[in-house]
């Protein structure tokens, strides 16, 4: 039985040998594979394995068995023990001490004075932010819209070309999941699956290792292949390739039109296959649309091209419409893709550009009562507060003028006055009125619930920070043959029953049919034959 993936069921708390995500700030998250000890590459910490970040050090022992969403405080780690195993020469007398340190129990971590992070369970969204970047990443706003437009549901078979860093792979695996295949081998329902294709072998190796670690290897099949030339069939062996029977397709490729010629329901002619080898524009594209069934019979004597033999196997599901999305950054690529889609019989072609901007939502506190506090505006909040401030300032000026007339030699105004001695030196320093007001606000803030105060406002980001591309969507209908047409006609004829009108009855009780009229002239009428077709009849009076 397969081990449940932490992306589907992470449990209430973090466990040993499971994946976790440590959130340091909103856009900075770090993936962590939790372990108690690491015998293969010991790092020498007395606290065990430690994750060092700019916000502090976090031993794995402080993360294990903690509920998801917990705030984890940074710890002080014993860095002195790391140098014990780093001598230039290994002394035999130190072997016993070093082996004893290796088997020594992990020491309890000491909480540091500053630094914290939040422990999050792994999800495709958190993995997208924290994953190691090998290529450009398809971010959450893009792949959530793509999966919705492709109508990916549990049980769907999805083809992904251009796996890259695996962001879309993890999101699509969650979307098609309806049970692990190994857990229910006798089940009759169709198990969802993702067939991922990547031509770069190091990226294929890294992605396979990640999927095994994340428990998704039985839901995702990673293939090392050039889909431009070799297509999308599952080549278990060269003699009998099988079809993935895909319902949805996502192409994140530099030249998607080269892959589209391998995504047909039937083999296409060699001329059409070669015409799709070059980028297409509105001027160079063929004026007519060649449907796959028509293209196959257009040139029966043409030379064979890859996948165009008598044993043609389509990678598409023959019983359902297939939905496709291409992810391209340039408008010239979009033109070539749309031209190729039209030539291959795809319909409902549409281009979409996603411009995602975040909303910064916060509470805005304004007024002299907020002066000196963090994240506030220290100006007057209304006219009345501004008038009171002016009255207060004028009163201090009046007091300062009276002190000058009395000959006290004061400096400043009102409460800010500083008494000066005969030699011109000031007798001590006083707090200004503004400093006293700010200090009073800080003391009063401790007893306030500031998270409920102020006006709730939001601000939209001025620039799009995420990687954006043009999304081209299309649908390939189910192939309709002459046999399907004749079968449908027979079913229609069997379903339609002949309608026979009773003689002498018409609308609203009036008499109808053949016979002489009141004036003795001939009358015309209609009758229904056996096939239900109205026939005109003329009868002499």
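In this note's numbering, the protein residues as written are 827 to 1367.
Beta carbons: idealized from backbone N, C-alpha and C, even for Gly.
Rounded to whole angstroms, what's the CA-CA distance from residue i to residue j? Just pull it up for me.
{"i": "residue 973", "j": "residue 1139", "result": "26 Å"}
{"i": "residue 836", "j": "residue 1006", "result": "16 Å"}
{"i": "residue 1226", "j": "residue 1219", "result": "11 Å"}
{"i": "residue 844", "j": "residue 1294", "result": "32 Å"}
{"i": "residue 970", "j": "residue 1001", "result": "10 Å"}
{"i": "residue 1370", "j": "residue 1163", "result": "The structure shown does not extend to residue 1370, since the chain is modelled only from 827 through 1367, so no value can be given for it."}
{"i": "residue 992", "j": "residue 963", "result": "8 Å"}
{"i": "residue 938", "j": "residue 894", "result": "21 Å"}
{"i": "residue 1195", "j": "residue 1204", "result": "8 Å"}
{"i": "residue 980", "j": "residue 1003", "result": "5 Å"}
{"i": "residue 1033", "j": "residue 960", "result": "10 Å"}
{"i": "residue 1080", "j": "residue 1073", "result": "22 Å"}
{"i": "residue 1281", "j": "residue 1224", "result": "37 Å"}
{"i": "residue 1322", "j": "residue 1316", "result": "10 Å"}
{"i": "residue 890", "j": "residue 904", "result": "19 Å"}
{"i": "residue 842", "j": "residue 1266", "result": "49 Å"}
{"i": "residue 1178", "j": "residue 1160", "result": "11 Å"}
{"i": "residue 1094", "j": "residue 856", "result": "48 Å"}
{"i": "residue 1166", "j": "residue 1086", "result": "7 Å"}
{"i": "residue 951", "j": "residue 998", "result": "12 Å"}
{"i": "residue 1037", "j": "residue 834", "result": "13 Å"}
{"i": "residue 1320", "j": "residue 1309", "result": "17 Å"}
{"i": "residue 1304", "j": "residue 1298", "result": "20 Å"}
{"i": "residue 1158", "j": "residue 1103", "result": "15 Å"}
{"i": "residue 877", "j": "residue 990", "result": "26 Å"}
{"i": "residue 858", "j": "residue 846", "result": "5 Å"}
{"i": "residue 1171", "j": "residue 978", "result": "22 Å"}
{"i": "residue 1030", "j": "residue 1048", "result": "7 Å"}
{"i": "residue 1057", "j": "residue 1277", "result": "57 Å"}
{"i": "residue 1100", "j": "residue 880", "result": "55 Å"}
{"i": "residue 1211", "j": "residue 1260", "result": "15 Å"}
Using the rule of at least 16 other Cβ atoms within 10 Å of the residue's Cβ for burial, across every protein chain shown, is residue i buried or exposed?
{"i": "residue 1078", "result": "buried"}
{"i": "residue 954", "result": "buried"}
{"i": "residue 1284", "result": "exposed"}
{"i": "residue 840", "result": "buried"}
{"i": "residue 862", "result": "exposed"}
{"i": "residue 1185", "result": "exposed"}
Please state whether the Cβ-Cβ distance between residue i and residue j is less than 8 Å.
{"i": "residue 1300", "j": "residue 1174", "result": "yes"}
{"i": "residue 1089", "j": "residue 1075", "result": "yes"}
{"i": "residue 848", "j": "residue 884", "result": "yes"}
{"i": "residue 1215", "j": "residue 1202", "result": "no"}
{"i": "residue 1050", "j": "residue 1024", "result": "yes"}
{"i": "residue 902", "j": "residue 936", "result": "yes"}
{"i": "residue 1302", "j": "residue 1141", "result": "no"}
{"i": "residue 1290", "j": "residue 1222", "result": "no"}
{"i": "residue 860", "j": "residue 886", "result": "yes"}
{"i": "residue 1040", "j": "residue 831", "result": "yes"}
{"i": "residue 1268", "j": "residue 1199", "result": "yes"}
Indicate the three-state DSSP secondary structure (helix, strand or coil) for residue i in the structure shown.
{"i": "residue 1182", "result": "coil"}
{"i": "residue 839", "result": "strand"}
{"i": "residue 1073", "result": "coil"}
{"i": "residue 1139", "result": "coil"}
{"i": "residue 1058", "result": "coil"}
{"i": "residue 1017", "result": "coil"}
{"i": "residue 1144", "result": "coil"}
{"i": "residue 997", "result": "helix"}
{"i": "residue 1277", "result": "helix"}
{"i": "residue 875", "result": "coil"}
{"i": "residue 857", "result": "strand"}
{"i": "residue 990", "result": "coil"}
{"i": "residue 833", "result": "coil"}
{"i": "residue 1040", "result": "coil"}
{"i": "residue 1368", "result": "Residue 1368 cannot be examined here, being either before or after the span of the chain that is shown, 827 to 1367."}
{"i": "residue 1196", "result": "helix"}
{"i": "residue 1370", "result": "Here the chain has residues from 827 to 1367 only, and residue 1370 is not among them."}
(request) Evaluate contact between the segment 1269-1287 and the segment 1151-1160, counting only Cβ atoms and requiring at least three cross-stretch pairs below 8 Å. (result) no
(message) Quick check: the segment 892-903 against the segment 938-957, are at least 3 beta-carbon pairs closer than 8 Å?
(response) yes
(message) Is it the case that the segment 977-987 contacts the segment 1014-1031, given that we only count it when at least three CB pairs across the two stretches are under 8 Å?
(response) yes
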